[in-house]
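Novice: Under this note's numbering, the residues of the sequence shown are numbered 2 to 239, in order.
The following block contains the structure, expressed as structure tokens.
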Amino acid sequence: MTDKYIISIDQSTQGTKALLFDGSGRLIRRADKPHVQIVNEKGWVSHDPEEIYRNTIEAAVRLVNESGIDKSRIAGVGISNQRETSLAWDRATGAPLGHAIVWQCARAADICERVEGLGEAEHIRRATGMNLSPYFPASKIAWILEHVEGAGEKAAAGEICHGTIDSWLIYKLTGGKSYKTDYSNASRTQLFNIFELTWDADICRLFGIDPANLAEVCDSDSDFGETDFEGLLPRPVP
């Protein structure tokens, strides 16, 4: 592995970083690409999912080309991401259904109040380890399904993907072949039972979410598919 390289994508709140490491874990080069913070008059905070994906590709291209390394020596890709930012997209076309709702946006507070009114807050806390809050994706995804045109209908037909930024990037980087997430991201959705290690059907029902539309949950070192960063690399890598 000493003659190989790893690309690490750090997709954060303010922008996307692409980092190149050699086989011994030494940082070789870094490239950054900021994205727009979309804030409306209500104080709602959003990101453009397509901009985030484009920036991921552009940062990777700049990283590899400026490093001057042999592209065939890149062995794989890793992703870290802003955890609770949530979005939905068409399962067949990959087209986003509106903007992503950023983690600090509290537009779904009324949904949390509605769920709390059902007397389910303690059950949610016990199953997920988190207090009921619009900070987490559960209410954000529910808000998308209730307020974004066509989202509810697509969800009912099983034609939607909804989740966190990691699953979006994996889906896009693999050309729609992989719709997965890892335990660390799933555990921050407020939909994942941290004791049974599965999507909690009862909690999903409280938020009007079909677990079948959520990503497959895997270990962080699982096979998440392959990508060539839209032709940047000579062959796809895991």
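A virtual CB, placed ideally from N, CA and C, is assigned to each residue, including glycine.
Predicted model, so just to flag it, every value in this text is computed and none were measured.
May I ask which residues mark the beginning and end of the beta strand (DSSP E) holding residue 92?
Specialist: Careful: residue 92 lies outside any beta strand (DSSP E) and carries neither H nor E.
Novice: Which of the three DSSP states, helix, strand or coil, is assigned to residue 4?
Specialist: Of the three classes helix, strand and coil, the one that applies to residue 4 here is coil, per DSSP.
Novice: Please report the Cβ distance between residue 165 and residue 63, rounded to the nearest whole angstrom; I am assuming they are in contact, meaning their Cβ atoms lie under 8 Å.
Specialist: The pair is not a contact, with the Cβ atoms about 25 Å apart (cut-off 8 Å).
Novice: Can a CB atom of chain D be found closer than 8 Å to the CB of residue 60?
Specialist: Among the protein chains of the structure shown there is no chain D, as only one such chain exists.
Novice: Between which two residues does the alpha helix (DSSP H) harbouring residue 124 extend?
Specialist: Run containing residue 124: 122-129, per the alpha helix (DSSP H) assignment.
Novice: For the beta strand (DSSP E) holding residue 81, just list the boundary residues, first then last.
Specialist: Segment 75-82, the beta strand (DSSP E) holding residue 81.
Novice: Hey, residue 167 and residue 183 are a contact pair by Cβ (cut 8 Å); roughly how many whole angstroms apart?
Specialist: That belief holds up - the Cβ atoms of residue 167 and residue 183 are roughly 7 Å apart, short of 8 Å.
Novice: Excluding the 5 residues flanking residue 60 on each side, which residues of the same chain have their C-beta closer than 8 Å to its C-beta?
Specialist: 10, 17, 18, 19, 32, 33 and 34, listed in sequence order.
Novice: Could you compute how far the alpha carbon of residue 162 sits from the alpha carbon of residue 76?
Specialist: One C-alpha to the other measures close to 28 Å.
Novice: Quick one: using the 10 Å Cβ neighbour count with 16 as the cut-off for buried, is residue 207 buried or exposed?
Specialist: Residue 207 comes out buried.
Novice: Using three-state DSSP, classify residue 183 as helix, strand or coil.
Specialist: It is a strand residue.
Novice: Quick check: the segment 135-149 against the segment 64-72, are there 3 or more CB pairs under 8 Å?
Specialist: With a cut-off of 8 Å, the segment 64-72 and the segment 135-149 do not count as touching, because too few Cβ pairs lie within range.
Novice: How would you write the range of the alpha helix (DSSP H) that residue 190 sits in, first residue to last?
Specialist: Per DSSP, residue 190 belongs to no alpha helix (DSSP H) and is neither H nor E.
Novice: Please check the pair residue 171 and residue 230, which I expect to be a contact at CB under 8 Å, by giving their CB distance rounded to whole angstroms.
Specialist: At roughly 13 Å, the Cβ-Cβ gap does not stay under 8 Å, so residue 171 and residue 230 are not in contact.
Novice: Taking all protein chains shown into account, do 16 or more other C-beta atoms lie within 10 angstroms of the C-beta of residue 196, making it buried, or fewer, making it exposed?
Specialist: By the 10 Å Cβ count, residue 196 comes out exposed.
Novice: Identify the continuous beta strand (DSSP E) that holds residue 234 and give its terminal residues.
Specialist: Careful: residue 234 lies outside any beta strand (DSSP E) and carries neither H nor E.
Novice: Nearest CA to the CA of residue 47: which residue from 104, 191 and 55?
Specialist: Nearest C-alpha to residue 47: 104.
Novice: Compute the beta-carbon to beta-carbon distance between residue 244 and residue 88, rounded to the nearest angstrom, for a pair I have assumed lies under 8 Å.
Specialist: Not covered by the structure: residue 244. The range shown for the chain is 2 to 239.
Novice: Under DSSP, the alpha helix (DSSP H) around residue 27 begins and ends at which residues?
Specialist: Counting along the chain, residue 27 falls outside any alpha helix (DSSP H), and DSSP gives it neither H nor E.
Novice: Have a look at 222, 148, 209 and 173 and flag the residue whose alpha-carbon is nearest the alpha-carbon of residue 56.
Specialist: It is 173 whose Cα lies nearest to the Cα of residue 56.
Novice: Excluding sequence positions up to five away, which residues of its chain have a Cβ less than 7 Å from the Cβ of residue 58?
Specialist: Taken in chain order, the residues that qualify are 230 and 231.
Novice: Would DSSP call residue 106 helix, strand or coil?
Specialist: Three-state DSSP puts residue 106 in coil, outside helix and strand.
Novice: Taking the C-alpha atoms as reference points, what is the distance between residue 117 and residue 133?
Specialist: The alpha-carbon atoms of residue 117 and residue 133 are separated by roughly 8 Å.
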